[in-house]
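Novice: In my numbering, the protein residues as written are -6 to 368. The structure is given below, and queries will be raised subsequently.
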């Protein structure tokens, strides 16, 4: 039978990155490996022969670990028992210990050995995973109201133009630009939290002496300033265009519908995909703007249903989530979706531009279809 050499086994234990410490019956350290040296910063000469309380924050904590071993139902063994070590620099290190009592041939307790692993990285990964879940929810819950704010701000901007003098208008535009910049900053903060969680990079900064906070401040150039209609602009490239707006958030539906009506579009609205399909079947539309995450069906399924029934109807998908974890937009593009607005709040100027492109493309294709039909 193959067996490992004792010196080889001793070398494996010695070089293990885990903290391995053995003590005798009196709690004196008798073994201390390389992993312990790297994590606790004591040299073997400094620690062997010292009481094990040297590496615990208190005597009570050392006794708690030994009590867990002695009262264990698994013959003096513990697994992943959480405690705290204190290193040479006074830093507290949360660890998970797997260890057991050491007994002589007669079964008498003569000491114990523990294999401890620093759990800070594992806890940080768990914290980041939790933060990631929060970031996903936060993006949805914040970006939908920001969408409504952005749309209503655009409508307000247009409304004041006809009621104020040039001097008054200049002042009010400064106020509205400040709101747009604040919306852009909030959007950038939520995006930064989302990226930080997905990349596993948790950055902090000081906010009080000895206290730290997550560093979510947007970097230079990250906060976008939403564009708005130029003062005095009077063209109506979307006039008469029939558009369906579908979103399960009524504030988004209403504000986006008002914005499109201000562009002289004919707008139909609903909060349910099933109702949207009914509208599509009974009304001639030029475009559909749909949310991605909805009850009944997601944006991808809704798009496929539309493509099956109305293959030439343009669809624009929008989402309050920064991370398309189900690849709904990506899959939709692979199935033929040409345009998509990934992130709310939707820039009104870009939305106008996208719908104008949809209209121009339809106008170009229409004569081609008529020619092909005549042939």
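Note that the Cβ used here is the ideal one computed from N, Cα and C, for glycine as well.
1) Please report how far the alpha carbon of residue 118 lies from the alpha carbon of residue 210, in whole angstroms.
2) For a test of the three-state rule: what should DSSP assign to residue 102, helix, strand or coil?
3) Can you name the start and end residues of the beta strand (DSSP E) that residue 284 belongs to?
4) If you count every other CB in all the chains shown that lies within 10 Å of the CB of residue 256, and 16 or more means buried, which is it?
5) Sorted by chain position, which residues of the same chain lie with C-beta nearer than 7 Å to residue 250's C-beta, five sequence neighbours on each side aside?
6) Mind checking who residue 74 pairs with in its DSSP beta bridge?
7) Any idea what DSSP makes of residue 125, helix, strand or coil?
8) Does DSSP put residue 116 in a helix, a strand or coil?
9) For residue 115, does the count of other Cβ atoms within 10 angstroms reach 16, so buried, or fall short, so exposed?
10) What whole-angstrom Cβ distance do residue 28 and residue 48 have, given they're in contact under 8 Å?
11) Which residues mark the beginning and the end of the beta strand (DSSP E) in which residue 242 is found?
12) Taking 9 Å as the cut-off, decide whether the C-beta atoms of residue 86 and residue 33 are in contact.
13) Counting only the same chain and skipping the five closest in sequence on each side, list residues whose C-beta sits under 8 Å from that of residue 104.
14) Can you tell me whether residue 304 is buried or exposed? The criterion is at least 16 other CB atoms within 10 Å of its CB, across all chains shown.
15) Answer yes or no: do residue 339 and residue 188 have a C-beta to C-beta separation smaller than 9 Å?
16) From residue 224 to residue 301, what distance separates their C-alpha atoms?
17) Report, in whole angstroms, the separation of the C-beta atoms of residue 137 and residue 313, which I expect to be a contact under 8 Å.
18) For residue 233, count neighbouring C-beta atoms within 10 Å of its own C-beta (all shown protein chains included) and say buried if the count is 16 or more, exposed if not.
19) At which residue ranges does the stretch 2 to 80 contain complete alpha helix (DSSP H) runs of 4 or more residues, listed in the order of the chain?
20) Per DSSP, residue 85 forms a beta bridge with which residues?
21) So, using beta-carbon positions, are residue 173 and residue 148 closer together than 9 Å?
22) Can you check DSSP and say which residues form a bridge with residue 295?
23) Return the chain-ordered list of same chain residues with a C-beta closer than 8 Å to the C-beta of residue 276, the five sequence neighbours on each side being excluded.
Specialist: In brief:
1) Against the chain shown, residue 118 aligns to sequence position 125. Against the chain shown, residue 210 aligns to sequence position 217. Looking at the two C-alpha atoms, the distance is approximately 22 Å.
2) As a working note, residue 102 is residue 109 in the chain shown. Looking at residue 102 - three-state DSSP - the assignment turns out to be strand.
3) Here residue 284 corresponds to residue number 291 of the chain shown, with the count starting at 1. Per DSSP, residue 284 belongs to the beta strand (DSSP E) from 280 to 284.
4) Residue mapping note: residue 256 aligns to position 263 of the chain shown, counting from 1. Residue 256 is buried by the Cβ-count criterion.
5) For the purposes of this step, residue 250 is taken as residue 257 along the chain shown, with counting starting at 1. Result list for residue 250: 238, 260, 262, in chain order.
6) For the purposes of this step, residue 74 is identified with residue 81 of the chain shown, where counting begins at 1. The partner list for residue 74 (beta bridge, DSSP) reads 90.
7) Numbered from 1 along the chain shown, position 132 holds the residue referred to as residue 125. Looking at residue 125 - three-state DSSP - the assignment turns out to be helix.
8) Counted from its first residue, the chain shown places residue 116 at position 123. Residue 116 falls in the helix class under three-state DSSP.
9) Locating residue 115 in the chain shown gives position 122, where the first residue counts as 1. Counting Cβ neighbours within 10 Å, residue 115 comes out exposed, since fewer than 16 surround it.
10) In the chain shown, counting from the first residue as 1, residue 28 sits at position 35. In the chain shown, counting from the first residue as 1, residue 48 sits at position 55. Not a contact, Cβ separation roughly 13 Å.
11) Position 249 of the chain shown, counted from the start, is the residue given in the question as residue 242. Segment: none, residue 242 is in no beta strand (DSSP E) and carries neither H nor E.
12) For the purposes of this step, residue 86 is taken as the residue at position 93 of the chain shown. For the purposes of this step, residue 33 is taken as the residue at position 40 of the chain shown. Yes, these two residues count as a Cβ contact at 9 Å.
13) One-based indexing of the chain shown puts residue 104 at position 111. 15, 16, 17, 18, 23, 94, 95.
14) Residue mapping note: residue 304 aligns to position 311 of the chain shown, counting from 1. Flag for residue 304 reads exposed.
15) For the purposes of this step, residue 339 is identified with residue 346 of the chain shown, where counting begins at 1. For the purposes of this step, residue 188 is identified with residue 195 of the chain shown, where counting begins at 1. No, the pair does not count as a contact, with Cβ atoms beyond the cut-off.
16) Working through the chain shown from its first residue, we reach residue 224 at position 231. Working through the chain shown from its first residue, we reach residue 301 at position 308. Interpretation of residue 224 is limited by its pLDDT of 48, a score under 50 that renders its predicted location unreliable; no figure is taken from the coordinates.
17) Residue 137 sits at position 144 when you count from the first residue of the chain shown. Residue 313 sits at position 320 when you count from the first residue of the chain shown. About 5 Å separates the two Cβ atoms, so the contact holds.
18) In the chain shown, residue 233 corresponds to position 240, counting from 1. It is exposed - the Cβ of residue 233 has fewer than 16 other Cβ atoms within 10 Å.
19) 27 to 33, 37 to 40, 52 to 63
20) The sequence position of residue 85 within the chain shown is 92, counting from 1. 79, per the DSSP bridge assignment.
21) In the chain shown, the residue the question calls residue 173 occupies position 180. In the chain shown, the residue the question calls residue 148 occupies position 155. Cβ distance not < 9 Å, so residue 173 and residue 148 don't count as in contact.
22) If you number the chain shown from 1, residue 295 lands on position 302. In the DSSP output, where bridge partners are listed per residue, residue 295 has none listed.
23) On the chain shown, residue 276 is found 283 positions in, with the first residue counted as 1. The answer, listed in chain order, is 235, 237, 261.
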